[in-house]
Amino acid sequence: METLIANLAHGFGVALSWNNLLFAFIGCMIGTAIGVLPGIGPVATISLLLPITFGQPATTAIIMLAGIYYGAQYGGSTTAILLNLPGEVSAVVTTLEGYKMARKGRAGAALTIAAVGSFFAGCVSTVLVAASGPLLTSVALSFGPADYFSLMLLGLIIAAVLAQGSVIKSVGMVVLGVALGLVGTDVQTGQQRFTFGIPELSDGLDFAALAMGLFGIAEIILNLDRPEARSVLTTKVGSLYLTREEVRRSIPSVLRGTAVGSVLGILPGGGAALASFGSYMMERRVSKYGNQFGTGAIEGVAGPESANNAASQTSFIPLLTLGIPANAVMALMVGALIIQGIQPGPRMVEAQPDLFWGLIASMWIGNLMLLIINLPMIGMWVKLLQVPYRYMYPAILMFCSVGIYSINNNVFDVYLTVLFAIAGYLFAKMKMEPAPLLIGFVLGPMMEEHLRRAMLLSRGDPMVFIERPISGTLLALAAIALGLMLLPSLRKGKDEALAGG
Amino acid sequence: MRLNAKDIFSGLIFIAIALIGLWLNTEHAMGSARRMGPGYMPWLTFMLLLALGVIVVVLALASGPDPLERWAWREMSLVLLGMCVFGLLLERGGLFLSSAAMIGIASLADRSHRPLGVLGVMIFLLALCWWVFIYQLDIRVSVWPQFWQ
């Protein structure tokens, strides 16, 4: 306990430095902005801001990128409540009750409970990350190569299973990601693989180019393809204060939402969207006012909004302790760390205390900032919605292009991004999920290394993966997850739950 | 017939990439399970992809109908052409010329743009670009054209 406090104090020392505060603030502002704006999400934004963070120390970079991720969860709720327009997938459920509340003249109350609930959830989950980090790290250090391989396999399978649409196609996308990760120099023999003699490919496909093409640029084309109608704000925000009755009704929902969100965030493949759906389902069953759902029940805002924020923070746990990204945003974080020369994994808590504890402290500070950014300045964010997309996309395009060039000072990366943009558009048209691909791409090279090491240690006997208890358990879990999702009834439930995305 | 055209194409994409990958992989040494060569993991990966591709195609024969969608060729080619022109111009023409060209070309993709609006966006973005990338981040790229060098 004492070490925890000492560590947190150290973290606050790091996070409260002028530069880190500034970047946490920038991250929260950008996050809120993209959360408010439909048509651009955290994955695209983080991939397009990756190059800008390279000039900063690793801790500062991750603090800013994290701010974007959890800031987007705050911002997404604003437009969901006021305009029935979810800025983020995770805010889709907020529209269900939040917009109804706005129609009843309680928009201000809905915004307040969303922000306060998120703040509370953020505080709790930050402590959870701080406490579980060192604990999980000690467990992870007893992992052998075989266990690592199985853990990553489990992560990949859950990522595929929880993606929207066909499970088999998502597994295919994971494998395709692993295949793309093979491009480059083989670490053990130095042989060039799939590089077609192009020197730029000998270090592998550039991660930022892949992410920006698949998510950033492809999204621009998709948005131009189906122009959305921007609605104009007609509802009045009204009083931001909650009535005594509303406070009494939301407290249990906030608590339940925080718990559900924290758990669903840790799961590989989980994240903010899953958490808010999970919490909404639960509130509708558990709450005494379940019959009021659909008419503007405050529980339906308080629970999911707390849950998505809790999840967006606890999803850092597998990344920081095991080096395994739970979702596409975390895969981007791995990319950012690797480019900074830090290998994410169980040794990171000890080797990079500034980064680990600084990030945790910054999350708490960031949540406080977001509370201030969001509530009094709500009018400003709503104004942002009036900027037409035709002025926004050239800006995104320019930041992508100049950013991608600046990483290696090489125009080859710009052309590579163009290629992946075409691929990303093709995937969208074929209903192939790009997020599992990104996770496969990040985990693929690590898996190959662990597979080779495990097989060398076992003298070529594949039974080692089943015989080692940790590895065997993880593989069994993976098989169960895959098996369950092939059952038609469960698959239907999942598609319904994720239908908004 | 209830053909799922999207899934059939997805499966064919998987199969095509897997076959190309397996063919390219023939030049890498496989090694043994104990001492894997550089070709082992690619072989595993592409075989798995091939199998998944076949399964996707087979399942797609009865899971439809889900016809292919129209492509926004015009929007896609203009946005990507803009980026390619940016890449071609950047090192000789400098940051401003190449960015302005990209913004100009990409703006054609949205029919609601007006010339004056595009010009305004261009000036604003060039100023922003200079402030972020040159003034703040100091990336190594020339701002003005370098044709005479």
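From first to last, the protein sequence lines stand for chains A and L. Heads up: the first sequence at position 80 corresponds to 81 in the numbering used here, and the numbers run straight through without jumps. Heads up: the second sequence at position 10 corresponds to 686 in the numbering used here, and the numbers run straight through without jumps. Backbone N, C-alpha and C define an ideal beta-carbon position, used for all residues, glycine too.
Where residue i falls: helix, strand or coil (DSSP)
i: Met-331 (chain A); result: helix
i: Gly-367 (chain A); result: helix
i: Met-706 (chain L); result: coil
i: Met-102 (chain A); result: helix
i: Met-378 (chain A); result: coil
i: Gln-341 (chain A); result: coil
i: Gly-324 (chain A); result: coil
i: Met-712 (chain L); result: strand
i: Gln-193 (chain A); result: strand
i: Gly-1 (chain A); result: As shown, chain A starts at 2 and ends at 502. That puts residue 1 (chain A) outside it, with no answer to give.
i: Thr-186 (chain A); result: strand
i: Tyr-811 (chain L); result: helix
i: Thr-244 (chain A); result: coil
Burial state of residue i, where buried means 16 or more other Cβ atoms lie within 10 Å
i: Asn-410 (chain A); result: exposed
i: Gly-76 (chain A); result: buried
i: Trp-382 (chain A); result: buried
i: Asn-292 (chain A); result: exposed
i: Tyr-242 (chain A); result: exposed
i: Lys-101 (chain A); result: buried
i: Ile-199 (chain A); result: exposed
i: Gly-217 (chain A); result: buried
i: Ser-402 (chain A); result: buried
i: Thr-702 (chain L); result: exposed
Per-residue contacts from residue i into chain A (C-beta, under 7 Å)
i: Phe-772 (chain L); result: Within 7 Å Cβ-Cβ: nothing; Phe-772 (chain L) doesn't reach chain A, min ~11 Å.
i: Ala-785 (chain L); result: Leu-225
i: Arg-711 (chain L); result: Leu-457
i: Ala-738 (chain L); result: Going along chain A, no residue has its Cβ under 7 Å from Ala-738 (chain L), so there is no contact; the nearest lies around 13 Å.
i: Ser-818 (chain L); result: The premise fails here: Ser-818 (chain L) is roughly 12 Å from chain A at the closest Cβ pair, so nothing lies under 7 Å.
i: Trp-747 (chain L); result: Lys-430
Nonlocal neighbours in the same chain, by C-beta distance under 8 Å from residue i, ignoring five residues either side
i: Ala-132 (chain A); result: Leu-5
i: Gly-502 (chain A); result: Its pLDDT being 35, under 50, Gly-502 (chain A) is placed unreliably in this model, and the coordinates cannot settle the point.
i: Phe-466 (chain A); result: Ala-147, Phe-150, Ser-151, Ala-455, Ser-472, Gly-473 and Leu-476
Spatial neighbours of residue i in its chain, beta-carbon cut-off 7 Å, leaving aside the 5 residues before and after
i: Ile-405 (chain A); result: Pro-52, Ala-209, Ala-210, Met-213, Asp-414, Val-415 and Thr-418
i: Thr-96 (chain A); result: Ala-81, Asn-85 and Pro-87
i: Asp-355 (chain A); result: Val-15 and Thr-60
i: Ile-27 (chain A); result: Met-65
Contact list for residue i against chain A, beta-carbon separation under 9 Å
i: Ile-693 (chain L); result: Leu-177 and Ala-180
i: Gly-729 (chain L); result: Gly-173
i: Val-734 (chain L); result: The contacting residues do not exist; Val-734 (chain L) stays about 10 Å from chain A at best.
i: Gly-769 (chain L); result: Result: empty, since nearest Cβ-Cβ is about 12 Å, beyond 9 Å.
i: Thr-702 (chain L); result: Near Thr-702 (chain L) there are no residues of chain A at all, since even the closest Cβ is about 12 Å away, more than 9 Å.
Proximal residues of chain L, C-beta to C-beta of residue i below 8 Å
i: Tyr-149 (chain A); result: Within 8 Å Cβ-Cβ: nothing; Tyr-149 (chain A) doesn't reach chain L, min ~15 Å.
i: Leu-452 (chain A); result: Met-712 and Met-717
i: Thr-418 (chain A); result: Met-759
i: Ile-423 (chain A); result: Met-752 and Leu-756
Within chain L, the residues that residue i reaches when beta carbons sit closer than 7 Å
i: Gly-461 (chain A); result: Ser-708, Ala-709 and Arg-710
i: Gly-99 (chain A); result: Chain L residues near Gly-99 (chain A): none, gap ~30 Å exceeds 7 Å.
i: Asp-187 (chain A); result: Pro-714
i: Glu-449 (chain A); result: Met-717
i: Ile-374 (chain A); result: Ordered by position in chain L, no residue passes the 7 Å Cβ test against Ile-374 (chain A), which lies about 21 Å from the chain.
i: Val-415 (chain A); result: Met-759, Phe-762 and Gly-763
i: Pro-46 (chain A); result: Going by the sequence as given, residue 46 (chain A) is Thr instead of Pro. Under the 7 Å cutoff, chain L gives no residues; its nearest Cβ is about 15 Å from Thr-46 (chain A).
Under 8 Å by beta carbon: chain A residues contacting residue i
i: Pro-623 (chain L); result: This structure gives no information on residue 623 (chain L), because the portion of chain L shown stretches from 677 to 825.
i: Ala-782 (chain L); result: Tyr-394, Pro-395 and Leu-398
i: Leu-813 (chain L); result: Ile-53, Gly-56 and Ser-407
Same chain, Cβ closer than 6 Å to residue i, five either side skipped, listed in chain order
i: Ser-277 (chain A); result: Ser-91, Val-94, Pro-305, Ala-308 and Asn-309
i: Thr-474 (chain A); result: none
i: Ile-222 (chain A); result: Tyr-426
i: Ala-116 (chain A); result: Leu-372, Asn-375 and Leu-376
i: Ala-500 (chain A); result: With a pLDDT of 49 at Ala-500 (chain A), under the threshold of 50, the modelled position of that residue is not reliable, and the figure given next carries that caveat. Here the set comprises nothing.
i: His-817 (chain L); result: Checking the sequence, you will find Val at residue 817 (chain L) rather than His. Within the same chain, Val-817 (chain L) has close Cβ partners Leu-771.
i: Asp-187 (chain A); result: Arg-194
i: Leu-265 (chain A); result: Gly-271, Leu-275, Ala-276, Gly-279 and Ala-312
Listed by chain order, chain L residues near residue i by CB distance under 9 Å
i: Ile-222 (chain A); result: Ala-748, Glu-751, Met-752, Val-755, Leu-756 and Ala-785
*Looking at chain L, which residues of the region 378 to 391 of chain A have a Cβ within less than 7 Å of any of its Cβ atoms?*
The residues in question are Arg-391.
*Using a Cβ cut-off of 7 Å, which residues of the region 395 to 413 of chain A contact any Cβ in chain L, in chain order?*
Interface annotation for the region 395 to 413 of chain A against chain L: Pro-395, Ala-396, Leu-398, Met-399, Ser-402, Val-403, Tyr-406, Ser-407, Asn-410 and Val-412, criterion Cβ-Cβ distance under 7 Å.
*Looking at chain L, which residues of the region 55 to 74 of chain A have a Cβ within less than 9 Å of any of its Cβ atoms?*
Against chain L - using a Cβ distance shorter than 9 Å - the residues of the region 55 to 74 of chain A are Phe-55 and Gly-56.
_Under 7 Å, CB to CB, which of the residues in the region 426 to 446 of chain A have a partner in chain L?_
Sequence-ordered contacts of the region 426 to 446 of chain A with chain L read Tyr-426, Lys-430, Met-431, Lys-432 and Met-433 [C-beta pairs closer than 7 Å].
*In chain order, what residues of the region 21 to 32 of chain A put their CB closer than 8 Å to some CB of chain L?*
None of the residues of the region 21 to 32 of chain A has a beta carbon lying less than 8 Å from any beta carbon of chain L.
_Short of 8 Å Cβ to Cβ, which residues in the region 143 to 170 of chain A face chain L?_
Going along the region 143 to 170 of chain A in chain order, one finds Ser-167, Ile-169 and Lys-170 with a Cβ nearer than 8 Å to chain L.
*Using Cβ-Cβ distances below 7 Å, what residues of the region 327 to 361 of chain A are close to chain L?*
Of all residues in the region 327 to 361 of chain A, none has a Cβ within less than 7 Å of some Cβ in chain L.
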